[in-house]
Amino acid sequence: MLPLIYRLRFDTDGSRPLLYGLVLALIAYSAWSGWRNADAVDDKGKLVPATPDERRNRAILYGVLGVALAAVGVFYATSLTVPFLGKGKGEGIPVHTYGIMLGAGFLSAVTVAALLARREWPGELGLKRRDQIMDLAFSVFIGGIVGSRELFVLVNWKDYVSRKPAEAYGTVLDLVAVVVLTGLVAFRGRLSKELAAKVVENAGQWFVYVLVGGRVALTVLVGGGGASSLTDMLGGGLVFQGGLIGATLASVWYCIKNDIEFLRLADLAAPTVSLGSAFGRLGCFAAGCCWGKPAGPDAIASVKFPGSHSTQTLFGTTSDTASLAWSSMSTDSRYFVEKTGEVFQQMVPDAVQVSQYAREHDHTFPIHPTQLYDSFAQLAFFALMLTVRRWRRFHGQIFGLWLMGYSIIRSTVELWRGDSERGTLYGKLVELGFTGLAKSLDPQAWYNISTGQTVSILLFGLGAYLVGAGLQRRAQAPKVDLAALTAVGG
0 MLPLIYRLRF DTDGSRPLLY GLVLALIAYS AWSGWRNADA VDDKGKLVPA
50 TPDERRNRAI LYGVLGVALA AVGVFYATSL TVPFLGKGKG EGIPVHTYGI
100 MLGAGFLSAV TVAALLARRE WPGELGLKRR DQIMDLAFSV FIGGIVGSRE
150 LFVLVNWKDY VSRKPAEAYG TVLDLVAVVV LTGLVAFRGR LSKELAAKVV
200 ENAGQWFVYV LVGGRVALTV LVGGGGASSL TDMLGGGLVF QGGLIGATLA
250 SVWYCIKNDI EFLRLADLAA PTVSLGSAFG RLGCFAAGCC WGKPAGPDAI
300 ASVKFPGSHS TQTLFGTTSD TASLAWSSMS TDSRYFVEKT GEVFQQMVPD
350 AVQVSQYARE HDHTFPIHPT QLYDSFAQLA FFALMLTVRR WRRFHGQIFG
400 LWLMGYSIIR STVELWRGDS ERGTLYGKLV ELGFTGLAKS LDPQAWYNIS
450 TGQTVSILLF GLGAYLVGAG LQRRAQAPKV DLAALTAVGG
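Dropping the structure here:
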């Protein structure tokens, strides 16, 4: 595994021009993307070119977002003082394999979705939909990151309330904003025409205002720090299913705003999520996160994730970046029997403490490579969904089937997951203070499902509803009597 490919440093005057060039390129690309995608589509699907003012305003908005991203990058990469953030951390730019694979997966998914959109809609509209997919990718990226982060905070609520209360309560504020904005968009027919148009047009921006403004206020009021302490919220874990929910909400809003049939778009976009996930799970394998249970002597596959003294960069130098699996196990107080691959809560014969084993060997004991299981399954599922598209009969069919299939894959892979960080029913009961009830449960029992399996049950139900509702609508649709038409024509 290779968690860190290389770390770019900007400590010398000679290296600073490269950093400034990257900053200018990011800002320029952001502004150009806004200018390029400022066109709209009217109710009849006809392309409506943007006015010069609309293009300029769009370019300025995207450029400001690019400046914000660049400022955060400079803050982390250098020791320079950045306005509102303070003196930089000087950590350079670490090129993580996980980030590379995640980016490759995202770009692959967007590219395939754009090609499918070009084929889905005919003529000029197909070209516009292809460009809109590229524009939508930005909203999906932001929604996915925010959703995956906020579900991670909710899964680890107790830890965040005690260590980062501003982010914990900010997440609650975000959820309230989502509920309110979703309600306004869903019931926009009851609003005045002007207000409804304003809600649809600005819902995404309003949420960003709540996201950023709420955290600034909470950091000062609850966190006890200034705006510079906002950077403490960066970093930490992500949950894929939260990203899926956030990306879906962003997509729904974008489709309503641009008069696109959401279920039709979801049918072509959903399978590409599996393609992106296949790349992302390879990144998980490189980082050593989302690891599996102990692999016994009869296991088909197993892997040992290294500690900080064993990992190297792409150029063979020691990276000092331990795998996440090793980092977790180095503080694990449970006990492990190497001959059988079993883990116990208490000391048993022939057992060694997990943390002792990890520190002495500088690697984990053999565990299931669940990241690879998931990656291969998602890639096969992507190919299957592309094939099934040929026989779709209604909009939403592929999306529903994908939700069901993804839930089955995720729940199945979870059976071999061993990372306690993902959360389980037993762990949540202990965290919420229901220790008595938790003691009545067996942590190793089948019903001690994980957070991922719980969300998968809900997603499976949504997928089943979409498929069932689509079949019902199709069955109730008026039937055309071809024989009668033939007789009339004769």
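In numbering that gives the first Met the number 0, the protein residues as written are 0 to 489. Each residue gets a CB set at the ideal place from its N, CA and C atoms; glycine is no exception. Remember, predicted model here, so these are calculated numbers, not experimental data.
Indicate whether the contact test is met: 3 or more Cβ pairs, each with one atom in the region 53-73 and one in the region 15-35, closer than 8 Å. yes
Alpha-carbon spacing of SER329 relative to GLN344, whole angstroms: For the purposes of this step, residue 329 is taken as the residue at position 330 of the sequence shown. For the purposes of this step, residue 344 is taken as the residue at position 345 of the sequence shown. Going by the C-alpha atoms only, they are around 15 Å apart.
Leaving out five residues before and five after VAL22 in sequence, what residues of the same chain have Cβ atoms less than 8 Å from its Cβ? Residue 22 sits at position 23 when you count from the first residue of the sequence shown. Here the set comprises ALA69, GLY72 and VAL73.
Can you check which of these residues, GLY282, HIS367, GLY291 and ALA246, is closest to GLY142 by C-alpha distance? Here the question's residue 142 lines up with position 143 in the sequence shown. The candidate whose alpha carbon is nearest that of GLY142 is ALA246.
For ILE456, count neighbouring C-beta atoms within 10 Å of its own C-beta (all shown protein chains included) and say buried if the count is 16 or more, exposed if not. One-based indexing of the sequence shown puts residue 456 at position 457. Result: exposed.
Under three-state DSSP, which class holds SER322? As a working note, residue 322 is residue 323 in the sequence shown. Reduced to three states, the DSSP call for SER322 is coil.
Suppose the cutoff is 7 Å on Cβ atoms and the five residues either side in sequence are ignored; what does the same chain contact list for SER374 look like? On the sequence shown, position 375 is the one that residue 374 refers to. ALA277, ARG280 and LEU281, listed in sequence order.
How do the region 357-364 and the region 318-327 stand: do at least 3 beta-carbon pairs fall below 8 Å, yes or no? yes
Using CA coordinates, which residue listed in GLY462, TRP290, GLN131 and LEU237 is at the minimum distance from GLU413? Mapped onto the sequence shown, residue 413 falls at position 414. When only C-alpha atoms are compared, the closest one is TRP290.
DSSP-derived helix/strand/coil call for ARG416: By one-based count along the sequence shown, residue 416 stands at place 417. If DSSP states are grouped into helix, strand and coil, ARG416 belongs with the strands.
If distances are taken between C-alpha atoms only, which option among ARG54, GLN370 and GLY242 comes closest to GLY287? Within the sequence shown, numbered from 1, the residue matching residue 287 stands at position 288. Ranking the options by Cα distance to GLY287, first place goes to GLN370.
In this structure, what does DSSP give as the bridge partners for GLU149? For the purposes of this step, residue 149 is taken as the residue at position 150 of the sequence shown. For GLU149, which the question treats as bridged, DSSP gives no partner whatsoever.
Since GLU337 and PHE364 should fall inside the 8 Å C-beta cutoff, what is the C-beta to C-beta distance between them, to a whole number of angstroms? Here residue 337 corresponds to residue number 338 of the sequence shown, with the count starting at 1. Here residue 364 corresponds to residue number 365 of the sequence shown, with the count starting at 1. Going by Cβ atoms, the distance from GLU337 to PHE364 rounds to 7 Å, so yes, they are a contact pair.
Can you check which of these residues, ALA24, TRP401, PHE151 and LEU150, is closest to VAL66 by C-alpha distance? For the purposes of this step, residue 66 is taken as residue 67 along the sequence shown, with counting starting at 1. Of the candidates ALA24, TRP401, PHE151 and LEU150, the one whose C-alpha sits nearest the C-alpha of VAL66 is ALA24.
For GLU341, report the span of its beta strand (DSSP E) as first-last. If you number the sequence shown from 1, residue 341 lands on position 342. Where GLU341 is concerned, the enclosing beta strand (DSSP E) stretches over 341-343.
Where GLY491 sits in the DSSP three-state scheme: No information on residue 491 is available, as it lies outside the stretch 0 to 489 that the chain covers here.
Status (buried if at least 16 other CB within 10 Å, exposed otherwise) for ASN201: If you number the sequence shown from 1, residue 201 lands on position 202. The residue is exposed, with fewer than 16 neighbouring Cβ atoms inside 10 Å.
Minimum C-alpha distance to ASN155 - residue among ALA268, THR450, GLN471 and ARG472: Here residue 155 refers to the residue found at position 156 of the sequence shown. Out of ALA268, THR450, GLN471 and ARG472, THR450 has the C-alpha closest to the C-alpha of ASN155.
ILE244, enclosing alpha helix (DSSP H) - first and last residue: What you label residue 244 is simply residue 245 of the sequence shown in a count that begins at 1. 239-256 is the extent of the alpha helix (DSSP H) around ILE244.
Spatial neighbours of GLY462 within its chain, please: C-beta separation below 6 Å, excluding the five flanking residues on both sides. Here residue 462 refers to the residue found at position 463 of the sequence shown. Only GLY399, LEU402 and MET403 meet the Cβ criterion.
Please confirm whether ALA116 and ILE132 have their CB atoms less than 7 Å apart. The residue you call residue 116 lines up with position 117 of the sequence shown. The residue you call residue 132 lines up with position 133 of the sequence shown. Result yes, Cβ atoms of ALA116 and ILE132 sit closer than 7 Å.
Across which residues does DSSP place GLY85 in a beta bridge pair? Residue numbering aside, residue 85 sits at position 86 when the sequence shown is read from its first letter. According to DSSP, which records beta bridges pairwise, GLY85 is partnered with VAL81.
For PHE9, count neighbouring Cβ atoms within 10 angstroms of its own Cβ and tell me buried if that reaches 16, exposed if not. Counting from 1 along the sequence shown, the entry for residue 9 is found at position 10. Buried, since its Cβ has 16 or more Cβ neighbours within 10 Å.
Between the alpha carbons of LEU194 and PHE186, how many angstroms are there, rounded? Your numbering for residue 194 matches position 195 in the sequence shown. Your numbering for residue 186 matches position 187 in the sequence shown. Near 11 Å, if we compare the C-alpha coordinates of PHE186 and LEU194.
DSSP on SER307, reduced to helix/strand/coil? Locating residue 307 in the sequence shown gives position 308, counting from the first residue. Looking at SER307 - three-state DSSP - the assignment turns out to be coil, as it is neither helix nor strand.
Candidates ALA350, ARG189 and VAL272: closest to SER332 by CA position: Here residue 332 is taken as the residue at index 333 of the sequence shown, counted from 1. Checked all of ALA350, ARG189 and VAL272; the closest Cα to SER332 is ALA350.
DSSP three-state assignment for SER410, whether helix, strand or coil: Locating residue 410 in the sequence shown gives position 411, where the first residue counts as 1. Three-state result, SER410: helix.
Use the C-beta contact count for ALA216: other C-beta atoms within 10 angstroms, 16 or more gives buried, fewer gives exposed. Here residue 216 corresponds to residue number 217 of the sequence shown, with the count starting at 1. By the 10 Å Cβ count, ALA216 comes out exposed.
For TRP6 versus GLY91, is the C-beta distance shorter than 7 Å? Here residue 6 refers to the residue found at position 7 of the sequence shown. Here residue 91 refers to the residue found at position 92 of the sequence shown. In the sequence as presented, Trp is not what sits at residue 6; that position holds Arg. In this structure, GLY91 lies closer than 7 Å to ARG6 by Cβ.
Write down every uninterrupted run of the beta strand (DSSP E) in the region 322-408 whose length is 3 residues or greater and which is fully enclosed by it, in chain order. 334-336, 341-343 and 350-352
Express the C-alpha separation of SER309 and ALA376 in angstroms, rounding to a whole number. The residue you call residue 376 lines up with position 377 of the sequence shown. The residue you call residue 309 lines up with position 310 of the sequence shown. Looking at the two C-alpha atoms, the distance is approximately 30 Å.
Would you mind giving the Cβ-Cβ distance between ARG389 and ILE397, rounded to the nearest angstrom? I have them listed as a contact below 8 Å. Within the sequence shown, residue 389 is the residue found at index 390, counting from 1. Within the sequence shown, residue 397 is the residue found at index 398, counting from 1. With 8 Å as the limit, ARG389 and ILE397 do not qualify as a contact, their Cβ atoms being about 10 Å apart.
Secondary structure at SER449, three-state DSSP: helix, strand or coil? Counting from one through the sequence shown, the residue named residue 449 turns up at place 450. The answer is strand: DSSP assigns SER449 an E or B state.
Can you look up GLY489 in the DSSP assignment and give me helix, strand or coil? Within the sequence shown, numbered from 1, the residue matching residue 489 stands at position 490. Reliability fails at GLY489, whose pLDDT of 49 lies under 50, so the model's placement of it is uncertain and the value that follows must be treated cautiously. If DSSP states are grouped into helix, strand and coil, GLY489 belongs with coil.
I'd like to know whether the C-beta atoms of THR96 and ALA382 end up nearer to each other than 7 Å. Along the sequence shown, read from residue 1 onward, the residue named residue 96 stands at position 97. Along the sequence shown, read from residue 1 onward, the residue named residue 382 stands at position 383. Not in contact: THR96 and ALA382 (Cβ atoms no closer than 7 Å).
When burial is assigned at 16 or more other CB atoms within 10 Å of the CB, is ARG409 buried or exposed? The residue given as residue 409 occupies position 410 in the sequence shown. Classification for ARG409: buried.
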